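Working notes for the structure below.
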Amino acid sequence: MKNAFFRRTTSAALCAVVLAASSLVGGSAMAAPAAAASTPVDFPAADGQLMSYVVNVKAANANKTRTAVEAIEAAGGVAVQEWPEIGVVVVQSDRANFRLDVLRLGHSAIESVGATRTITVAEGTPEGITTPWQSATAPSQRSRQLANTDLLYGDATLDAIAADPRESEQWSRVQIKSDLANEITDGSPDVLVGVLDSGIDPVHPDLAANIDVANSVNCTDAGRPDTSPTGWFPTNSSHGTHVAGIIGAARNGVGIVGVAPGVRMASVKVVNDAGSIYPEYAICGFMWAGMKGMDVTNNSYYVDPMQFWCGDQPDQKAVLTAVERAVKWSTKQGVVHAAAAGNASYDLANKTTDDVSPNDIAGIEREINNDCKDIPTELEGVVTVASTDQATKLSSFSNRGLDVIDVAAPGSRILSTLPNNTYGLLSGTSMASPQVAGVLALMKSAHPGMKPKAMIATLREQAQDHECVAPATPTGATCTGTALNNSYYGEGIVNALKAVL
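Numbers -31 to -1, 1 to 470, taken from mature numbering (1 follows the signal peptide of the UniProt record, and there is no 0), label the letters of the sequence shown in order.
Structure (structure tokens):
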């Protein structure tokens, strides 16, 4: 996998899935100096080279979007996917001057345009695109069809089911108190979690009953929702299957138990076969989650090809805007988002350099600043999750950052489901984030009227305070802050028991 949350695999047992101040002078307030500009990154385009773009419309409505599409077509582009709810259009074009031309032709409707990758589009061509899949403005009615619901859920049934065979190996359940929370509730099948990832094994015995097939989707078809029966299946990655097991492996006497084994999960495939999560895939995933009335999403990735997207660069700013609009819109529909902080042992509160971006070609050494964002984890309204080990120390690979990290959760050597009816240990903030997604699902089950903002505030407030403790393997960075809020643990280790009380 190219994405850093997938990239640092070292063994079957260790996958480092692997992710303003002012001063007083002479009695008057002086603004802090502006951050140095980030190093420009070239998003090239040549005539005949098919590239992908996001076009951001000035107003999120159908009329402005239609005007923008007319300009897109006049500039030699094809609207692959329209999202009028947020004023974003995903476009493909093989014209070198597309960006300049579309801004000139659509100046009354278009705010910005940016390339979403530095390489030629591998999926779809303008000639192969017919009628784009059109979105609906209102969330659809959720599917309530879940096989064997009466056999898997309900307090009486839970009391009758013995511990799953490998539950004793799940030390993470004790650390976040999901073992105690599950004595109260396993979560409700009315709660739906979107697993934005590489797909979920549809026949794994610990997952199959909890997968909501009707609301699963593949977003890697150039950013268009593909609802074909097998589109959301995993192909060459076990990552999504492992993440899904952490969230919601069933309590069924088989294998392990997820944090919220009584909720439903939808596979929202945003990882292509090359291991990339391009902006248009993530936008599709967030929009789908909002449209389908999902309650929670888990996002164990960063959006490719940039580890950090910088707002002082035109292409990167346009992508930032588009993804942020999708996250905000889905949040307004009632979806709360958890995201992995990243696995580069990086201080997200003090950004200086980045040497892995763009990762779809050879990365460059570039200067960055704190206006450059790891997305989606650093977007407003997204829970940023750091990783802990079994001793509750910060995992050596985990990103950190004072007032960036919201909470921490277990992410080192986590046992979960893998394809082909298997199980395995993986490590990464990719494993910590679904712990939090599971807790949010339990919270929503116990308090169905809670809104995303209140859920995040409650999650942070209920977290188990943790003072600064050096990681088992030193990262070379000092933990800053207090036991109430610091750069390693944020507001503390997430607490599933309090979430259901």
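Yeah, the Cβ is synthetic: ideal placement off N, Cα and C, and Gly gets one too.
For clarity, every value in this text was computed on a predicted model and none was experimentally measured.
Using a Cβ-Cβ cutoff of less than 7 Å, which residues in the same chain neighbour Asp124 once the five nearest sequence positions on both sides are dropped? Any reading at Asp124 must be qualified, since the residue scores a pLDDT of 27, below 50, and its modelled position is unreliable; no value is offered.
What does the alpha-carbon distance come out to for the pair Leu374 and Ala229? In the sequence as displayed, the identity of residue 374 is Ile instead of Leu. C-alpha separation (whole angstroms): 23 Å.
Proximity to Pro203 [Cα-Cα], best of Lys422, Val240 and Gly231: Scanning Lys422, Val240 and Gly231 for the CA closest to the CA of Pro203 turns up Val240.
Threshold first: 4 residues or longer. Then list the alpha helix (DSSP H) segments lying entirely within the region 147 to 232, N to C. Complete alpha helix (DSSP H) runs here, min 4: 147 to 150 and 208 to 217.
For Ile79, which three-state DSSP category applies? Residue state, collapsed to three classes: strand.
Check whether the region 403 to 420 touches the region 286 to 296, counting contact only when three or more Cβ pairs, one atom from each stretch, lie closer than 8 Å. Using a C-beta cut-off of 8 Å, the region 403 to 420 makes no contact with the region 286 to 296, since fewer than three inter-stretch Cβ pairs fall below that distance.
Supposed contact pair Gly46 and Ala29 - C-beta distance, whole angstroms, cut 8 Å: The beta carbons of Ala29 and Gly46 sit about 20 Å from each other, so the pair does not count as a contact at 8 Å.
Assuming Ala5 and Glu336 form a contact by the criterion Cβ under 8 Å, report the distance between their Cβ atoms to the nearest whole angstrom. Right, their Cβ atoms sit about 6 Å apart.
Among Arg35, Asp340, His208 and Asp434, which one has its Cα closest to the Cα of Gln282? Between Gln282 and the set Arg35, Asp340, His208 and Asp434, the nearest pair of CA atoms involves Asp340.
Ala291 vs Asn25 beta-carbon contact at 7 Å: For Ala291 and Asn25, yes; Cβs fall inside 7 Å.
Taking the C-alpha atoms as reference points, what is the distance between Ala213 and His173? Spanning the two alpha carbons is a distance of roughly 11 Å.
Between the C-alpha atoms of Gly461 and Gly222, what's the straight-line distance to the nearest angstrom? Those two C-alpha atoms are separated by around 32 Å.
From Ser356 to Ile41, what distance separates their C-alpha atoms? Pairing Ser356 with Ile41, the inter-Cα distance amounts to about 43 Å.
What does a CB cutoff of less than 6 Å around Trp140 pick up in its chain, not counting 5 residues either side in sequence? So the list reads Gln359, once near-sequence residues are dropped.
Spatial neighbours of Leu348 in its chain, beta-carbon cut-off 6 Å, leaving aside the 5 residues before and after: Excluding sequence neighbours, Leu348 sits near Glu293 and Val296.
Please report the residue range of the alpha helix (DSSP H) in which Ser399 lies. Residues Thr398 to Ala415.
Between Gly192, Gly231, Val90 and Phe255, which lies nearest to Val164 when the distance is taken from Cα to Cα? Measuring C-alpha to C-alpha distances from Val164 to each of Gly192, Gly231, Val90 and Phe255 identifies Phe255 as the nearest.
Starting from Pro421 and walking both ways along the alpha helix (DSSP H), at which residues does that stretch end? Per DSSP, the continuous alpha helix (DSSP H) segment holding Pro421 begins and ends at Pro421 to Gln431.
For Gln433 and Lys362, I'd like the C-alpha separation in whole angstroms. When rounded, the separation of the alpha-carbon atoms in Gln433 and Lys362 is 13 Å.
Can you tell me where the beta strand (DSSP E) holding Gln302 begins and where it ends? In the DSSP assignment, Gln302 falls outside any beta strand (DSSP E), carrying neither H nor E.
Beta carbon of Ile225 nearer than 7 Å to that of Asp133: In contact: Ile225 and Asp133 (Cβ atoms closer than 7 Å).
The alpha helix (DSSP H) enclosing residue 531, as first and last residue numbers: In this structure the chain extends from -31 to 470, so residue 531 is not present and cannot be described.
How long is the line joining the alpha carbons of Lys238 and Thr210, rounded to whole angstroms? Spanning the two alpha carbons is a distance of roughly 11 Å.
Secondary structure of Arg35, DSSP reduced to three states: Arg35: helix per DSSP, three-state reduction.
So Ala14 packs on Ala78, CB below 8 Å; how close in whole Å? Contact between Ala14 and Ala78 is ruled out by a C-beta separation of about 22 Å, above the 8 Å threshold.
Count the other CB atoms, across all protein chains shown, that sit within 10 Å of the CB of Arg306; report buried if there are 16 or more and exposed otherwise. Strictly speaking, residue 306 in this sequence is His, with Arg absent from that position. Buried: at least 16 other Cβ atoms inside 10 Å.
Below 7 Å between beta carbons: does that hold for Ala452 and Lys146? Using a Cβ distance threshold of 7 Å, Ala452 and Lys146 do not count as a contacting pair.
State yes or no: is the C-beta of Gly332 nearer than 6 Å to some heavy atom of the ligand NAD? Although the ligand NAD was asked about, the structure shown includes no ligands whatsoever.
For residue 474, the first and last residue of its enclosing beta strand (DSSP E): No answer is possible for residue 474: it lies beyond the span of the chain, which begins at -31 and ends at 470.
Going by DSSP in three states, Pro53 sits in which element: helix, strand or coil? In the structure shown, Pro53 sits in coil (DSSP, three-state: anything other than H, G, I, E or B).
Assigned secondary structure, Ser62 (DSSP; H/G/I helix, E/B strand, else coil): In the structure shown, Ser62 adopts extended strand secondary structure according to DSSP, grouped into three states.
Less than 7 Å between the beta carbons of Ala186 and Trp257, yes or no? Here the sequence assigns Val to residue 186, which means Ala is not the residue at that position. Their beta carbons are under 7 Å apart, which means Val186 touches Trp257 by this criterion.
Since Pro248 is in the beta strand (DSSP E), which residue starts that stretch and which ends it? Where Pro248 is concerned, there is no enclosing beta strand (DSSP E), although the alpha helix (DSSP H) it sits in stretches over Pro248 to Met260.
Where the alpha helix (DSSP H) containing Val469 begins and where it ends: It spans Ala465 to Val469 - the alpha helix (DSSP H) in which Val469 sits, taken as one unbroken run.
Less than 7 Å between the beta carbons of Leu428 and Gly370, yes or no? Contact: no.
Give me the Cα-Cα distance between Tyr247 and Asp329, rounded to the nearest whole angstrom. Rounded to whole angstroms, the gap between the alpha carbons of Tyr247 and Asp329 is 10 Å.
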